[in-house]
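Residue numbers (the working numbering), protein chains in the order written: chain D, 1 to 183; chain A, 184 to 287; chain B, 288 to 902.
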């Protein structure tokens, strides 16, 4: 019974992902993505990782996706943007990437199928995770906190509204942002 | 409750499918928002693989790594979306093929 | 009085510096006074010094200051004066003063009057340092100093590129010899630990025995320097070209003083050469071959100065022959008399050239006997001395050389008479070419009219040199204490008679051929073999062509080869490949994010393919 639940949620996750990445409307795509994330959360739960499942919902489907929503709202792409996206969606564009991905998938499946028969199912509680996090992985936690802080500062800096009207300022910004550009 | 007994292979194949889907999306979408979404999918699939492996060996490490991936994803998305705003402002488009200042 | 010896080189040096610093802003009479006067004063000091010195003829050393100090090596700036030095100093300042005086008139119309005297004075100072030096390093300073001055003076009229080429040739060819000499100095210093000449010779005598390899090598290297400076075979080719300079320069540098520096060097270090009898024989042979070669060439020249240049080479050949057969003081004696009569000849030639619109070709002169009497008498006396006619100075110096050559008992037995025969042949040729010059230039029909007569400043030195050339041979040089004793000459009357009569025979031949024109050489020179032989001799045995083909052309070839920088081509190639790859890689930087992602996927596929293979 639970095994069937796993396959169902897997299928949901997969299809939701495919839909999310093939929509032309960003908002619709985002809804599909959230569905996919929720499905993955279910899988986590089934696997015996309830803490991970909760985090998946709270942080991924909650916080991160809300960021996307904000940005899409700010950009206000409108109808013509959607139309453009739709025009780009013809086979000539996606057949190549799809082929490459298929090859990669086949390779991975071949590799995975040669693995020994390992079964999941051990329940790992939040307590165990917490002990692990603040025991042997405490350094990783610190680094993660640094990373988040850097992300915060970076997002603030990058998201600032540069005054593009003044040419001097723009050149300064360009030289600051596009150091890699040019030959 | 105990976790469901599922062959690890199957979970990993699901993760691989998700990863490959995200990769394909990354390669063929030109809109930077979709590219970011594809990245999220790929990160998520990696997290799935870790959690599955962790439960298979009854270790907490898998979930610890998953949390680190979450942190990376959060930071990446916040900076990435900030960049999206800048790109929209500077190039008046979200098409990454048009924003090609990195051209050699 | 003896302490004032440092004045001798200092006076011309100061004058040179003064003339250089004022750079031609000094009035001409003052320049002339300073230029000639400083050398004249030097000559006076030499005279006073010599008189004082001869009262107690002991070698006198004056150390001025320590020149440099590198560990144990501390050459002093000091002078060593003995009879040999005194002779050289007297020649340099005496003849030098006469030539300077002559120059004040000869160069009067030149715009670079003061530059000329600056160089000349600098040369005299350097030459004096050369002969007065106590150690070989100081000698080398003077040696290079005269080389530089010679370079500057040969190229004095630098606006003509040919003169520049001549001066470069003179400098570069002598440089070959100088390099050998520098190596010789290094060898002597490493082996004997000192460069001070007298201690060095003593040390050489104590460490080495006659016939060793090391003294032979050192002597050979010094000989290289001497050969370069004294224009002997095989480094003689620069001297005829050096005639591009003003004529008094040729008289002073390329006849009287600098070219005899090699002779002086060998005489000065004779103790070393005595340890290498084979090298000494080589000196004699070089002298002999050079004197014959140069004499044959002089027979065919038509430029008055080139004839004299080849005759100089030939006469220095005699000096080398004298040194080689151990007739040291005869060699130095010939050096002195040669300085007199060759300076006389050059100055006489200068007078002819000066008064004849700068004409150098002897066949365009002629009949000048009555028109330029001063020049005629100078030439007549100079040529007589050059040809060693009896009782001229040249006779008294050349005759002992030939006798010594005849009595030579060196490393190869029985070679002496052959050296003598060669020397006699040279003497015959000398007489012929010198009187050919006299007969062609001063007798016969007049081709060019002189436009002026030499003034007193030219005529005076000529007269004085005439006197010296005639009677200079009556001096007995006080060189006995400097050189090892020479065996007393007891030549048979036959040998003596032949030696005396050969030059007379030469004069007779010249008189018959070039004055009476009883015997025509044109029949011989017009025949194919004769003509080619004439051409061959005229070009100086084609030595220049030989060197050109042997050294210059390969060098130029290599240079042209290297001009394209073939080594750089390799590096440029690397750069080119780098740029090509760079361009390709730069093209791959499309700036499209999706393309980057896709290429990463390709990499990922490849990676999994390879890594997953083993599983």
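Note that beta-carbon positions come from the ideal geometry of N, C-alpha and C, so glycine has one too.
Top-ranked residue by Cα proximity to residue i, from the options
i	options	result
residue 81/D	238/A, 276/A, 269/A and 249/A	276/A
residue 73/D	255/A, 271/A and 262/A	271/A
residue 636/B	677/B, 542/B, 713/B and 616/B	542/B
residue 120/D	132/D, 63/D, 76/D and 46/D	46/D
residue 344/B	684/B, 792/B and 371/B	371/B
residue 17/D	185/A, 282/A, 218/A and 237/A	218/A
residue 835/B	525/B, 894/B, 757/B and 866/B	525/B
residue 256/A	64/D, 92/D and 140/D	64/D
residue 513/B	550/B, 342/B and 544/B	550/B
residue 579/B	312/B, 349/B and 824/B	824/B
residue 677/B	616/B, 709/B and 758/B	758/B
Through-space distance from residue j to residue i, alpha-carbon basis
i	j	result
residue 460/B	residue 522/B	6 Å
residue 22/D	residue 98/D	12 Å
residue 502/B	residue 622/B	26 Å
residue 532/B	residue 440/B	6 Å
residue 731/B	residue 308/B	49 Å
residue 723/B	residue 818/B	19 Å
residue 151/D	residue 229/A	21 Å
residue 49/D	residue 136/D	19 Å
residue 624/B	residue 784/B	22 Å
residue 192/A	residue 157/D	43 Å
residue 896/B	residue 107/D	7 Å
residue 144/D	residue 95/D	38 Å
residue 211/A	residue 280/A	11 Å
residue 765/B	residue 795/B	36 Å
residue 125/D	residue 59/D	18 Å
Minimum Cβ-Cβ distance from residue i to chain B less than 8 Å
i	result
residue 278/A	no
residue 82/D	no
residue 209/A	yes
residue 206/A	yes
residue 196/A	no
residue 270/A	no
residue 146/D	no
residue 103/D	yes
residue 188/D	As displayed, chain D neither begins before 1 nor continues past 183, which places residue 188/D out of reach and without an answer.
residue 110/D	yes
residue 252/A	no
residue 189/A	no
is_contact[residue i, chain D] using C-beta, thresh 8 Å
i	result
residue 888/B	yes
residue 892/B	yes
residue 249/A	yes
residue 274/A	no
residue 524/B	no
residue 225/A	no
residue 885/B	yes
residue 267/A	yes
residue 246/A	yes
residue 215/A	no
Residue-level contact to chain A via CB, residue i, 8 Å cutoff
i	result
residue 896/B	no
residue 88/D	yes
residue 871/B	no
residue 134/D	no
residue 881/B	yes
residue 158/D	yes
residue 899/B	no
residue 877/B	yes
Mind pulling the beta strand (DSSP E) runs of 3 or more residues that sit fully within the segment 830-901 of chain B? Listed in chain order, nothing qualifies, since the segment 830-901 of chain B has no complete beta strand (DSSP E) run of 3 or more residues.
Inter-stretch contact at 8 Å, needing at least 3 Cβ pairs: the segment 325-338 of chain B / the segment 731-742 of chain B: No, the segment 325-338 of chain B does not touch the segment 731-742 of chain B.
Cβ contact check for the segment 293-303 of chain B and the segment 409-419 of chain B: 3 or more pairs under 8 Å: A contact exists between the segment 293-303 of chain B and the segment 409-419 of chain B.
Where are the alpha helix (DSSP H) runs, 4 residues long or more, that stay fully inside the segment 674-754 of chain B, in chain order? Within the segment 674-754 of chain B, the complete alpha helix (DSSP H) runs of at least 4 residues are 680-693 and 703-729.
Does the count of Cβ pairs from the segment 650-669 of chain B and the segment 560-573 of chain B closer than 8 Å reach three? The segment 650-669 of chain B is not in contact with the segment 560-573 of chain B.
Per the contact definition of three or more C-beta pairs closer than 8 Å, is the segment 594-611 of chain B in contact with the segment 683-693 of chain B? Taking a cut-off of 8 Å for Cβ pairs, the segment 683-693 of chain B and the segment 594-611 of chain B touch, as three or more such pairs fall below it.
Three or more C-beta pairs below 8 Å linking the segment 319-327 of chain B and the segment 352-365 of chain B: The segment 319-327 of chain B, when compared against the segment 352-365 of chain B, does not touch it at the 8 Å Cβ threshold.
In the segment 208-278 of chain A, which residue ranges form an unbroken alpha helix (DSSP H) of at least 4 residues, counting only runs that do not cross its ends? The alpha helix (DSSP H) runs lying completely inside the segment 208-278 of chain A and spanning 4 residues or more are 215-239 and 244-274, given in chain order.
For the 8 Å Cβ check, are there 3 or more pairs between the segment 388-403 of chain B and the segment 744-756 of chain B? Enough Cβ pairs lie closer than 8 Å, so yes.
Flag this pair as touching only if the segment 230-247 of chain A and the segment 257-269 of chain A have three or more C-beta atom pairs under 8 Å; answer yes or no. Cβ pair count under 8 Å is below three, so no.
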